[in-house]
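All residue numbers for the sequence shown refer to the working numbering, where the first residue is 2 and numbers rise by one. Backbone N, C-alpha and C define an ideal beta-carbon position, used for all residues, glycine too. See structure below.
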Amino acid sequence: KINLFSETLGSVVANFKVENKELTGFISSNNIEGLEALKAAEDEMIERLEGQGVSCRNIYYSNNQGNAIYNNTEGQTKEDTQTLYKISKEILLHIVDMETDKSF
Numbered sequence: 002k003i004n005l006f007s008e009t010l011g012s013v014v015a016n017f018k019v020e021n022k023e024l025t026g027f028i029s030s031n032n033i034e035g036l037e038a039l040k041a042a043e044d045e046m047i048e049r050l051e052g053q054g055v056s057c058r059n060i061y062y063s064n065n066q067g068n069a070i071y072n073n074t075e076g077q078t079k080e081d082t083q084t085l086y087k088i089s090k091e092i093l094l095h096i097v098d099m100e101t102d103k104s105f
């Protein structure tokens with residue numbers, strides 16, 4: 002789970018789960034314009050994540066920050082944990098790139 006604040010995108014929460022090299026998760030923001038920008042940049046984010054060796058099965062978007070459906074780590078392997086660290090890094094870099102670009 003990633004929590005961060007962006008002046009442009011608002012308070013962003015990204016929560017993901019990896020099973021069998023398939024990623025499922027959600028991204029939320031308390032800023033509607035920021036959420037729309039994140040949705041619009043989804044293809045770029047997916048490309049970055051797939052570069053880490055995972056396929057993106059489902060990514061959901063919400064303006065509700067209270068969602069915590071992917072907190073269960075039971076049965077998670079060391080490989081899954083390492084993959085999640087890589088995914089977290091790519092998502093953070095993606096958001097930093099969006100902040101820097103600000104063309105949305």
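In DSSP terms, what residue i is bridged to
| i | result |
| --- | --- |
| TYR86 | None, per the DSSP bridge assignment. |
| THR25 | LYS18 and ASN59 |
Sequence-distant residues of the same chain with beta carbon closer than 7 Å to residue i, five excluded per side
| i | result |
| --- | --- |
| ASP98 | none |
| ASN64 | SER29, SER30, ASN31, ILE33 and LEU36 |
Cβ separation of residue i and residue j, assumed to be a contact under 8 Å, to the nearest whole Å
| i | j | result |
| --- | --- | --- |
| GLY11 | GLY35 | 4 Å |
| VAL13 | ILE88 | At roughly 15 Å, the Cβ-Cβ gap does not stay under 8 Å, so VAL13 and ILE88 are not in contact. |
| TYR62 | ILE28 | 6 Å |
| ILE3 | LEU94 | Not confirmed; about 11 Å, so no contact. |
| GLU100 | THR9 | 6 Å |
Cβ shell of residue i (< 6 Å), same chain only, five flanking positions each side left out
| i | result |
| --- | --- |
| SER56 | GLU23 |
DSSP state of residue i mapped onto helix, strand, coil
| i | result |
| --- | --- |
| LEU36 | helix |
| LEU5 | strand |
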